[in-house]
Amino acid sequence: MMDILGSAQASPFIIALVILTIIAALEGLSMVFGAALSGLLDGILPDFDLPDLDADIDADVDLDISGLESVGPLTYLMSWLSFGKAPALILIIVFLAVFGLTGVTIQSAVYGATGLIPPGWMASIPAILIAIPSMRYGGKAFGAVMPKEETEAVSTERFIGKVATVIRGKAERGMPAEAKLKDLHGLTHWVLVEPDEDGESFSAGEEVIVVAQNGSVYRVIRNTHEILSRKS
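The sequence shown lines up with residues -4 to 227 when you count with the working numbering.
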């Protein structure tokens, strides 16, 4: 195995596993400083969550696709890969892990049988063919296993006027913190928030009201209405 890991042929897979390790480390550090990398990434990406056409067809359910006519091929591809159904960072981790481990396994098997290490590009082909469906079905499985109210995948629901609770970090202007809120369907979303007014700040545990959106960050004010807390 060490012969494989130390060879130039294994570099694509070693690089993938190194990137995987770096992502995990950055996610851990970002959580310490109050802004999870996974939540930030989902906030930056557009919404790719389309209806599950396969499931609707198998169930023989009439599907209204009039609103999907303007959807481009990239959106269809990303939705097929489960982006929008599971946190993007989870999907990237699954792809890198499966690609890296599959590639090394293939090279090890060939090396054990022939004494030769296949080129990286050659082993990458089956590794990619295995990693792509693994990412798709891994994302779908993750979305199915995780409680619906605890998903981090960003939806297109409007959060303006919703009550959110700061859960990690201290929210200041220019320094957003992570918060969670429930949408109209009762699903919980994890978002980045910062005060709408200069000089204001919110710590973990404080309730705020979303009043505006600025890119992937939501502007909030302090929640002073007890009735809103009971409804959230």
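Idealized CB from N, CA, C, for every residue including glycine. The model shown is predicted, which means the values in this text are computed figures rather than measured ones.
From which residue to which residue does the beta strand (DSSP E) around Ala172 run? 172 to 177
Should Ala11 be labelled buried (16 or more other beta-carbon atoms within 10 Å of its own) or exposed? buried
Using beta carbons (cut-off 8 Å, strictly below), is Leu72 in contact with chain B? No chain B appears in the structure shown, which is made up of a single protein chain.
Can you give the beta carbon distance from Ala199 to Val188, rounded, assuming they're within the 8 Å contact cut? With a Cβ gap of about 12 Å, Ala199 and Val188 do not count as contacting.
Cutoff 8 Å; reference Asp191; Cβ partners in own chain excluding five residues on either side: Val206, Ala207, Arg214, Val215, Ile216
Do Leu84 and Glu22 count as a contact pair if the criterion is CB distance below 8 Å? yes
Beta strand (DSSP E) segment containing Ile204, residue limits: 202 to 209
Going by C-alpha distance, which of His220, Ser2, Thr219, Asn218 is nearest Tyr231? Since the displayed the chain opens at -4 and closes at 227, residue 231 lies outside it and no answer follows.
If you draw a straight line from the C-alpha of Ala174 to the C-alpha of Ile127, how long is it? 32 Å
Once DSSP output is grouped into helix, strand and coil, what is the label at Phe78? strand
Please state whether the Cβ-Cβ distance between Phe94 and Ile123 is less than 8 Å. yes
Determine the direct distance from the alpha carbon of Thr97 to that of Val13, and round the result to whole angstroms. 15 Å
Drop a sphere of 10 angstroms on the beta-carbon of Arg131, count the other beta-carbons inside from all chains shown, and report buried for 16 or more, exposed for fewer. buried
Between the beta-carbon of Val158 and the beta-carbon of Asn209, is there less than 8 Å? no
What is the DSSP secondary structure of Leu187, reduced to helix, strand or coil? strand
Contacts around Phe8, its chain only, beta-carbon distance under 6 Å, and the 5 residues preceding and following it disregarded: Gly95, Gly98, Val99
Can you tell me whether Trp185 is buried or exposed? The criterion is at least 16 other CB atoms within 10 Å of its CB, across all chains shown. buried
Does the beta-carbon of Pro254 have 16 or more other beta-carbons within 10 angstroms, so that it is buried, or is it exposed? Since the first residue of the chain shown is -4 and the last is 227, residue 254 is not available in this structure.
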